[in-house]
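Read through the structure below, which is laid out as structure tokens, and then see the notes.
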Amino acid sequence: MLETRSGKHRPHRWGTYLWPLPFLAAGLAAYAIWPRVSFGASSRALARITVTGHVLMADAVNAHGQAIPLVIKNGQLWPSRSLHAGSVYDVRIAVQGPSWWPFGPVTVTHTVTTPTDPILASNHLIVSPGKPLSLSLSAPASSIRIMASGRISEVTAPVPQQVYSINSLGTVPGQQGTLTVETQARAWESVSMPKTLSWRTPGWLKVTTSPSVYHPIGLYTPLLLSFSQPIANPRITPRLSPSIPGHWIWKNNQTEEFIPNSSTWGYGPNAVINVTLPGGKNGYIATDGAYFPKTLSVNWATAPGSTLRLQELLAKLGYLPLKWIPSTPVAPTLPAQIAAMETAPSGQFQWEYAQTPAALQSLWVPGQYNVMVKGAVMNFERVEGMPTDGVAGPAVWKALINADLADQTNPDGYTYAYVSENLPETLTLWHNGQIILKTLANTGIPQSPTYLGTYPVYLRYRSQTMQGVNPFGVKYYDPGVPYINYFKGGDAVHGFPRASYGFPQSLGCVELPIPVAARVWPYMHYGTLVTVAPPTKSAS
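Note that this note's numbering has the sequence shown beginning at 575, numbered continuously upward.
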């Protein structure tokens, strides 16, 4: 027989488990309103705080027991007066719960150390001229105070910073001075003790040159500029005069070099090469801010071409009364001619004309640049349309070599004038081995004698008005004086009307009858030699 059992109902046990919940909720509510304070670091204030409850009191107590009131703003603690830097303070916060809070206020104590005084990273500063100065500190500061040149300035940062930029102290290179700085780690801290540091701007930029400017350089010698400091603007280049084919290169940031083009004449002989380096703030600037105090000018000079070779070419082209016979002819190429210009080939000179005046022959000295060579150069310059200064510079050498390569000889032949003061005074005109004429002439009176010696004609006028004051204090005015050939100062060979000729009458010039002066005129040129011999000499 089956027996059926029905189960009995047992009471629910949830109530057993839920009875603590009201107490837990009450505890959580109490904790939420329990007065308390939590602290955190702040980059500006003394500390950052989070408060539960009502703050009754906040202060900071130093090691001597002195309490400094604190103010809470936006969750941060701010001292009401200055605190000492790098000092330990006990921060006390008294907090009260709600008005119905059955317990008394809670006082929380937290120890903080104020930031130490930031110190300068360096006692010696190098200042770039005219640029702001950066002061680096060991730690962030809210402000710095600067005392320099009798002035005090203060720089404040909204957020403490470790690097401050101040106005330029030095405006040009080569300056120096001192600077006194006070720092303040935080606006509510005491100011540090003043610290004095020295500053200077870099010295003036300098440059040395190579090769030496005191010795002649070759036609293709590179010019080296070595700067005392690395250059910050290497795109700048000097100005080279005269303009020479070539290019400037930077070998490094302190060395610039000019390399002339070796396929040309280079600098040329007897040349002055000027290199101008811009100075000031618009010139070369070093990486440290240094620059030249002013624009600099450096000059080099090339060696003159061989005087012997100059004589060889002038003789070959008919500008000297000699002929040149080389031992070995120079090849008719530009490189060979340039080489011969520097080192003259061997050979011999011979007089071109059998009847060369002895006075003229006495002037000839192979390898010596004298009045005969100067006159020949002036005559060549005249033919080439160049300034007739008688200096064999680069342009003259270039023209001479080109004339030699083109076989362009003197179109006018060689002329020489000899003036004798033997009475009766005469002028003998010699041209291409022949005496063209011999005429009576007048030289200067004893009070205004004619220059003695040999000189090249340097200035010519077909007609000119001559005026001045004679040695006796009498003014003279002679318009239309014809066929004038100046050879020394105010002395010239020219035509002048006189009743007679052959004795001293002029104020220094060599006067000729006007018809004779007209005949002399086409034979004389710039560079024609005029010899004035004293009475003790006879005409050749």
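No residue lacks a Cβ here, since even glycine has one placed at the ideal position from N, Cα and C.
query, result
"Does any CB atom of chain D fall closer than 7 Å to the CB of aspartate 963?", "The structure shown has no chain D; it contains just one protein chain."
"If we count Cβ pairs, one from each stretch, closer than 8 Å, do we get three or more for the region 768-786 versus the region 865-879?", "yes"
"Which residues mark the beginning and the end of the beta strand (DSSP E) in which asparagine 826 is found?", "820-826"
"If you reduce the DSSP assignment to three classes, tell me which class glycine 614 lands in.", "strand"
"With DSSP as the reference, please indicate the residues paired to threonine 757 in a beta bridge.", "Ile718"
"What is the DSSP secondary structure of isoleucine 1019, reduced to helix, strand or coil?", "coil"
"Closer than 8 Å is the cut-off here; do at least three beta carbon pairs connect the region 731-744 with the region 713-723?", "yes"
"Threonine 690 to alanine 621, Cα distance in whole Å?", "15 Å"
"With burial defined as no fewer than 16 other Cβ atoms inside 10 Å of the residue's Cβ, what is the status of leucine 522: buried or exposed?", "Nothing can be reported for residue 522: it is not among the residues displayed for the chain, which extend from 575 to 1114."
"Mind reading off the beta-carbon distance from threonine 907 to proline 919? Whole number of angstroms is fine, and I expect it under 8 Å.", "Threonine 907 to proline 919, Cβ: 14 Å. No contact."
"From the DSSP output, read off the bridge partner residues of methionine 946.", "Looking at the DSSP assignment, methionine 946 forms no beta bridge with any residue, so it has no partner."
"Excluding sequence positions up to five away, which residues of its chain have a Cβ less than 6 Å from the Cβ of leucine 974?", "Leu887"
"Quick check on tyrosine 1097: does DSSP put it in helix, strand or coil?", "helix"
"Could you name the residues that DSSP lists as bridge partners for glutamine 530?", "Here the chain covers residues 575 to 1114 and nothing more, so residue 530 does not appear."
"For the alpha helix (DSSP H) that tryptophan 874 lies in, which residues bound it at each end?", "Per DSSP, tryptophan 874 belongs to no alpha helix (DSSP H); it is in the beta strand (DSSP E), 870-875."
"For leucine 882, which residues in the same chain have their Cβ closer than 7 Å to its Cβ, ignoring the five residues on either side in sequence?", "Ala918, Pro940, Gly941"
"Using beta-carbon positions only, say whether leucine 657 and glutamate 763 come within less than 7 Å of one another.", "yes"
"Taking three-plus beta-carbon pairs below 8 Å as touching, is the region 1002-1020 in contact with the region 923-933?", "yes"
"Buried or exposed: histidine 789, going by 16 or more other Cβ atoms within 10 Å of its Cβ?", "exposed"
"For the structure I just gave you, are there three or more beta carbon pairs, one from the region 1054-1068 and one from the region 1017-1035, closer than 8 Å?", "yes"
"If you drop the 5 nearest sequence neighbours on each side, which residues of the same chain put their C-beta closer than 6 Å to that of threonine 770?", "Thr752, Thr754"
"For glycine 678, which option in Arg610, Ser727, Pro714 has the closest C-alpha, if you only look at C-alpha atoms?", "Arg610"
"Out of Arg1093, Gly627, Thr730, which has the shortest C-alpha to C-alpha gap to serine 673?", "Gly627"
"Does the region 645-663 come into contact with the region 704-712, if we say contact requires no fewer than three beta-carbon pairs (one atom in each stretch) closer than 8 Å?", "no"
"Threonine 1013 and threonine 1024 - do their beta-carbons sit closer together than 7 Å?", "no"
"On a Cα-Cα basis, can you pick out the residue from Thr685, Gln758, Pro834 that is closest to serine 712?", "Gln758"
"Tell me the DSSP bridge mates of phenylalanine 801?", "Val781"
"Can you tell me whether DSSP reads glutamate 577 as helix, strand or coil?", "Low per-residue confidence applies at glutamate 577: pLDDT is 40, beneath 50, and the placement is therefore not dependable enough to give any value."
"So, at 8 Å on beta carbons, what are the nonlocal neighbours of alanine 632 in its own chain, with the 5 sequence-adjacent residues on each side left out?", "Pro643, Leu644, Val645, Ile646, Leu651, Val665, Arg666, Ile667, Ala668"
"Less than 8 Å between the CB atoms is what I'm expecting for serine 742 and threonine 730, so what's the real figure, rounded?", "Not quite, the Cβ-Cβ distance comes to about 20 Å (not below 8 Å), so this is no contact."
"Alanine 1015 and valine 993 look like a contact to me (Cβ under 8 Å); what is the Cβ gap, rounded to whole Å?", "6 Å"
"How would you write the range of the alpha helix (DSSP H) that glutamine 911 sits in, first residue to last?", "908-916"
"Give a yes or no on whether the C-beta atoms belonging to asparagine 984 and glycine 857 are separated by under 7 Å.", "no"
"Identify which residue in Val1090, Cys1083, Pro1089 has its Cα closest to the Cα of valine 1104.", "Cys1083"
"Between which two residues does the beta strand (DSSP E) holding proline 1053 run?", "1049-1062"
"Less than 7 Å separating the beta-carbons of glycine 744 and valine 701?", "yes"
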